[in-house]
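Enquirer: For the sequence shown, the numbering used here gives the first residue as 86, with consecutive numbering after it.
Quick one: the structure is below, and I'll ask about it shortly.
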Amino acid sequence: MAGCHSALMSATIANHTAGPVTLVELDYPSASFGVQKLAPGEEYHYRFKVIGNGDASLHWSEGQKRDQKSGGPTLSEGDEGSIKVSLEPGGPVWKLDLANRTVR
86 MAGCHSALMS ATIANHTAGP VTLVELDYPS ASFGVQKLAP GEEYHYRFKV
136 IGNGDASLHW SEGQKRDQKS GGPTLSEGDE GSIKVSLEPG GPVWKLDLAN
186 RTVR
């Protein structure tokens with residue numbers, strides 16, 4: 086017998102900057118998650134289910150630069166795979182790998 090399968094996204098937010106980042110929040114269709122602080126070299130992992138359609142975005146603060154935002158990829162209900170955001174010295178780098186559809 087085949088069991089039920091729930092489409093989940095595995096998310097990673099990584100800090101590859103020289104200093105800590107704070108108030109890190111990843112927004113995705115109909116919800117969000119976050120972490121208070123990421124030290125240099127630290128990663129935060131989270132799993133979520135995409136309900137609805139829309140763009141992902143990342144909000145964070147770094148030193149004196151408050152309320153920074155980066156737009157991310159479009160997610161669709163039922164997406165399954167992984168999303169990674171690397172905070173780099175030159176800005177965030179997004180990587181989306183989907184198992185059930187081609188990334189546009």
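Glycine included, C-beta positions come from ideal geometry on N, C-alpha and C.
This one's a predicted model, so the numbers in the text were calculated from it and none came from an experiment.
So what does Asp-36 bridge to, in DSSP terms?
Expert: An answer regarding residue 36 cannot be provided, because it is not within the stretch 86 to 189 covered by the chain.
Enquirer: Tell me Thr-107's beta-bridge partners as DSSP assigns them.
Expert: Answer by DSSP bridge pairing, in chain order: Lys-122 and Ser-146.
Enquirer: Exposed or buried, what is Asp-164 when buried is set at 16 or more other beta-carbons lying within 10 Å of its beta-carbon?
Expert: buried
Enquirer: Going residue by residue through the segment 149-175, where are the continuous beta strand (DSSP E) segments of at least 3 residues, counting only ones entirely within it?
Expert: 150-160 and 166-173
Enquirer: Can you name the start and end residues of the beta strand (DSSP E) that Ile-98 belongs to?
Expert: 94-100
Enquirer: Run through DSSP, which three-state label would Glu-127 get?
Expert: coil
Enquirer: Quick check on this structure: which residue in Thr-107, Asn-100 and Asp-140 has the alpha carbon closest to the alpha carbon of Gly-148?
Expert: Thr-107
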